Amino acid sequence: MRDPKTAFVYLALGAGAVVVAFPFYWMLASALKPLTEIYDLRLIPAHPTLANFTEVLTRTRFPRWFGNSLIVAAITTASVAFFDSLVGYVLAKLQFPGRGVIFVMILATLMIPTEMLVIPWYVMSSAYGWINTYWGIMFPGLLSAFGVFLIRQFMSGVPDELLDAGRMDGVTEFGLYWRIALPQIRPALAALCIFTFLGNWNAFLWPTIVIQTANMRTLPVGIALFSGEAGSAWNLIMASSALAVLPVLGVFAVLQRQIIEGITLTGLRS
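Using this note's numbering, the first residue of the sequence shown is number 3, and each one after it goes up by one.
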């Protein structure tokens, strides 16, 4: 007979999985309901239809919003992955005066709430003509203090002997970073990429402020338009939200093993 403690653990995990998965199931079920049944509490739609998805894709600017979010999230993720890993390598493996002070200053920025930065960001965006542009949406997220901290901790674990051997073979410092150090921290880099992608894919506050036209809206800002003073189009909200989670699920499916390994190892780093 199975150990009662083990059975309890599996039962708790199963209950947790149901709690986490049920909102997604309800979202998909509601997206398949016609407007007349949207407030029906049945778990299975009585008359399932794809009309909501068709309306979202053909009668709204959802495809444009989807593309905008994809551009912003992809570019910011690539930028964070490259620059944060490069800065983390420099702070972990190169000796120079003030290295510790620079690292502490970077960490200090984590204590500043995003809401306090919105006004300076907007003033700068207005001064340089970045309002309602892709650059205006992206520039606050192109670098991440958390990413620098995370990568620096993992870079510290890369053996110095590997780098010294590379230097003896004539490898440049950038080559040491790109060809030796970076492959050693792939799990942490994958975890950072998914966190960054999710953060920018779901960003709402700053895009709402800097975007001024319908064509430049990102998905969260665009979906919010389906709810207003006259009521909420829940059928469209659920359908567009169901489509919006597809890229996130795709990224997780591709990087699943590296992400789980990176999250596990992150808790072991001091």
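Beta carbons: idealized from backbone N, C-alpha and C, even for Gly.
Quantities reported herein were computed from a predicted structural model and do not represent experimental measurements.
- N217 counts as exposed, since fewer than 16 other C-beta atoms from the protein chains shown sit within 10 angstroms of its C-beta.
- Leaving aside the five residues that flank W132 on each side, the residues in its chain whose CB is nearer than 8 Å to its CB run, in chain order, M126, G138, F141, V212.
- For W28, there are no CB contacts under 7 Å within the same chain when 5 residues up- and downstream are skipped.
- The three-state reading of DSSP puts S242 in helix, counting H, G and I together.
- A Cβ-Cβ contact shorter than 9 Å links T198 with V82.
- By the Cβ-count criterion, V58 is buried, with 16 or more other Cβ atoms from all chains shown falling within 10 Å of its own Cβ.
- Annotation for N202: V74, A75, T78, G143 place their beta carbon closer than 6 Å to its own, counting only its chain and skipping 5 residues before and after.
- Rounded to whole angstroms, the separation of the alpha carbons of V11 and D5 is 10 Å.
- Closest in alpha carbon position to P36, among M118, P50, P185, is P50.
- In the same chain as E117, and ignoring 5 residues on each side of it, the C-beta atoms closer than 8 Å to its own belong to L207, in chain order.
- DSSP places S32 inside the alpha helix (DSSP H), whose first and last residues are 6-33.
- When DSSP states are grouped into helix, strand and coil, D166 belongs to the helix group.
- If only uninterrupted alpha helix (DSSP H) runs of at least 4 residues are considered, those enclosed by the region 123-158 are 136-140, 147-157.
- Straight across, the Cα-Cα distance linking S71 with A244 is about 15 Å.
- Of all C-beta pairs linking the region 148-159 to the region 234-243, fewer than three are shorter than 8 Å, placing the two stretches out of contact.
- Taking all protein chains in view, the Cβ of V89 is crowded by 16 or more other Cβ atoms within 10 Å, so the residue is classified as buried.
- In the three-state DSSP reduction, D86 falls in the helix class (H, G or I).
- Excluding residues up to 5 positions away in sequence, A31 lie with their Cβ nearer than 7 Å to the Cβ of L45 in the same chain.
- The closest CA to that of A183, considering only A192, A193, G168, A19, is found on G168.
- Excluding the 5 residues flanking it on each side, A246 has same chain C-beta neighbours closer than 6 Å at L221, in chain order.
- Secondary structure of G177 (DSSP, three-state): helix.
- In this structure, DSSP gives A255 a helical state, which the three-state scheme calls helix.
- The straight-line gap separating the alpha-carbon atoms of G230 and G16 is approximately 37 Å.
- Annotation for F55: A241 place their beta carbon closer than 6 Å to its own, counting only its chain and skipping 5 residues before and after.
- Between Y130 and P209, the alpha-carbon positions lie close to 17 Å from each other.
- Between F156 and A190, the C-beta spacing is below 9 Å.
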